[in-house]
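Report on the structure given below.
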Amino acid sequence: MQTEKDTLPRGEARLLQLRPFKAIVRLSAGGAHNENWSITQEVTFKPVEKQTPPSAQQPLIDVTANGGPGPADVGLGIRLYFEYCHRQPIWCFEYEDVGDFTQLSKELACSILALTARFSPMRERLEKYNSDAKRLIMLRIASSTVEVSTIESLCLLAYSSFIDGNVSLGQFHLGLAFQLCRSAMLDVEASYSDKDPATQRKRKLFWSLQVLEQYYGKQTGLLSLPTEILRPSYASSVSRDISRAETENKPPPLPRDDLGHSRPTPDEPGVWNTSVHLGWVWSRVRKYVSDCAQNIFNEPWRRDSMYSSVLSDFMDAENRIPMCHRYDTVKFYERKVDELKINRGYWTTWLKEQFTYHAIQTVLNHPFLYIIGAQHNSNLAIPNTFWRRSSELALIHSTWIVRLIDMAVDKQVQLIDPFFGHIAAIAATVHLYYCCAAAAKLKHKSNTDFAKCRRFLKCFIPFSPACAALDKNLDKMARIASGSDSVDVEDWMPSRIYLSVPLMWDILQFTCVSGSPGIFTNDLAHAPHHRDAMEENCVLEIVVATSPEININTADGGQEAPTVSYKASVSPGGNPTHSLINTEPVPLADNLTMNTTPWLYEDSSQFTGLGDIDLLDAQSEGGDENGMIWWEGDVNNSLFSHF
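Using full-length UniProt numbering, the first residue of the sequence shown is number 1, and each one after it goes up by one.
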């Protein structure tokens, strides 16, 4: 029989360590703090002296009645929650709020176990609490005894469903939680009082629900939540048509977050709060991709385009990130593994912020969007500066994503949010596109980065069916791209690739079918879209001619873009439909990539031991006297490193 002193097996704690190859993960956490830059959070799993008194209406956990979770199970669930799920991304409560687990409501205890069962060797036994949590939540609603913990339970169940790839169920839990918040007026600033001891907890709950909506909410449909509603007040593109009533009904302030501040100041937002701001921009990027998939597409360089609007909001959000959270200030790559484990509540959130930052630019400038868009908008087929700059940004930021992956793996940071796997898959599609670059070094770099993204995504498969489905799509895309079922991507140096159009949309929009059951019977269940053979086999054929010499060509002022022709053909034998992208050779310039961007790594010595030193050394070699391209040059420029 389990007791409260039960501990986790050593093998369980190793389950999700992100580590390269066969690196062994040590569980010790005795690293010293940096006195000049302190983070005060440290999680200790023991009963706290100060306990939150139970609500008069809130039933306590009964160890024996109805087969509810016992203290050992609840203690295990809380321990796993703070080890794997706390603040990545949801932040409903602190340990002191649930430390005395004998005072937890049944539905919250069962929801914690439902979410964390995937990290336990007793997974099958603990997963039964999922159905118990749903039943207890509905009983709360039916008996009019809904508590804050009831809505927190829905938040945890929604996140669990998104990890499982059961999007419809997750969105149902999320929508129900939103309705309860609205009924309790938790979505209005005026409902919060500084005298209420639960104010901070309520704020954390409200904004945790918003975070799930930003990253996993539905983007289409009349009942979907418009992204404009929660636009930050500082956003430069706030619509002037917003009525006075809408501006007066302000959402509640973000919760107080002092992690990472050496001296907490009310004027500087915490890293979780800044990640919420970037998350809102990410929700607009998701809407932009959804529009592109439906051929709702205007020229992105127009000042009234959604592209320009999103980019403006992105710069606003970036501009308000305090210096104490920026890349050059925190020096993540210099931190010790033990220090990162002790302060994981800060560092997992910081990595989420960094991944979101680079994901926004990667997706917003993804070459695929504008190749497809050009088939429906003739203005996009005209070579212009936008083509050159957008491709450059997609390559830069997808490379930064790989850099973050390298650092997270090297520092053994535990990441479980499927968003990280999603962004790795998106970055992989950019690197797959550049696998047929004219420049040999860029081609080799893209191969290496593509393989890293795939390995990183596979780390999420043991606990996330959503990422398993995403990995399946990426593997299928790689096979189609190579035209072979047995491609060794590490040594793959193609002169042309085939990009599957439907799979590309599925990856960009995180459309995954995990096989998890929904909540509807056949008369209400939404029938998934079944593509016909022509739609399923639609591919883009990317052909890039190699040039014998790669130098900077300044003759055109740096504004010439590749001349691209678009063709669509269907062979009588049922061969795939190809859109042919044929880039003509240019003697002194690489057609596919931009030649004026300085190398984005500051110092390759940061990555000693990452298994990629040969590549970095090759990248640091100088070019000829006529000029360098950024992946070859020894340009010690800190591009984007200020973030």
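Cβ atoms here follow ideal geometry from the backbone N, Cα and C, with glycine treated the same way.
- Counted as a single uninterrupted DSSP element, the alpha helix (DSSP H) harbouring residue 79 occupies residues 71-80.
- By the C-beta density criterion, residue 476 is exposed, having fewer than 16 other C-beta atoms within 10 angstroms.
- Note: residue 498 is bridge-paired with 541 in the DSSP secondary-structure output.
- Residue burial is scored here from C-beta neighbours: residue 504 has at least 16 other C-beta atoms within 10 angstroms and is therefore classed as buried.
- Taken through DSSP and simplified to helix, strand or coil, residue 173 comes out as helix.
- In the same chain as residue 298, and ignoring 5 residues on each side of it, the C-beta atoms closer than 6 angstroms to its own belong to 305, in chain order.
- A direct Cα-to-Cα measurement between residue 80 and residue 124 gives close to 15 angstroms.
- Contact check for residue 217 against residue 171 passes: the beta carbons are separated by less than 8 angstroms.
- C-alpha of residue 453 to C-alpha of residue 399: approximately 10 angstroms in a straight line.
- Fully enclosed alpha helix (DSSP H) runs of no fewer than 4 residues occupy 367-374 and 385-410 of the region 360-431, in order along the chain.
- Counting along the chain, residue 279 sits inside the alpha helix (DSSP H) bounded by residues 271-293.
- Within the region 156-200, the runs of alpha helix (DSSP H) that reach at least 4 residues and sit entirely inside it are, in chain order, 167-183.
- With respect to the 8 angstroms criterion, residue 271 and residue 346 are classified as neighbours on the basis of their beta carbons.
- Of the other Cβ atoms in all chains shown, 16 or more fall within 10 Å of the Cβ of residue 354; this residue is therefore buried.
- Contact check for residue 543 against residue 496 passes: the beta carbons are separated by less than 8 angstroms.
- With contacts defined as CB atoms closer than 8 angstroms, residue 461 and residue 427 fail to qualify as a contacting pair.
- For the set 482, 409, 473 and 310, the Cα lying nearest the Cα of residue 436 is the one of 482.
- The beta carbon of residue 373 sits closer than 6 angstroms to those of 297 and 380, all from its chain and outside the five residues before and after it, given in chain order.
- Nearest neighbour of residue 450 by Cα position, chosen from 141, 89 and 431, turns out to be 431.
- CA-CA distance, residue 278 to residue 209, rounds to 15 angstroms.
- In this structure, the CA atom of residue 360 is about 42 angstroms from the CA atom of residue 72.
- Cβ-Cβ distances below 7 angstroms link residue 207 to 254, 255 and 276 in the same chain, with the five nearest sequence neighbours on each side left out; the list follows chain order.
- Contact between the region 101-111 and the region 125-140 is present: three or more C-beta pairs spanning the two stretches fall below 8 angstroms.
- A direct Cα-to-Cα measurement between residue 284 and residue 70 gives close to 43 angstroms.
- Runs of alpha helix (DSSP H) with 4 or more residues, each lying fully within the region 110-147, are found at 123-126 and 129-142, listed in chain order.
- Distance check between residue 498 and each of 142, 537, 122 and 389 places 537 closest, using alpha-carbon atoms only.
- For residue 217, the secondary structure class from DSSP, reduced to helix, strand or coil, is coil.
- Taking C-alpha positions only, residue 78 is separated from residue 90 by approximately 14 angstroms.
- In terms of Cβ geometry, residue 165 and residue 466 form a close pair [threshold 8 angstroms].
- DSSP places residue 510 in the coil class of the three-state scheme, outside both helix and strand.
- If you draw a straight line from the Cα of residue 387 to the Cα of residue 328, it is about 30 angstroms long.
- When 369, 313, 404 and 471 are compared, the shortest CA-CA separation from residue 281 is found for 313.
- Ranking 257, 509 and 115 by CA distance to the CA of residue 94 puts 257 first.
- Exposed is the label assigned to residue 183, since fewer than 16 other Cβ atoms lie within 10 Å of its Cβ.
- In the displayed model, residue 503 falls within a helix according to three-state DSSP.
- A straight line joining the alpha-carbon of residue 352 with that of residue 181 spans about 26 angstroms.
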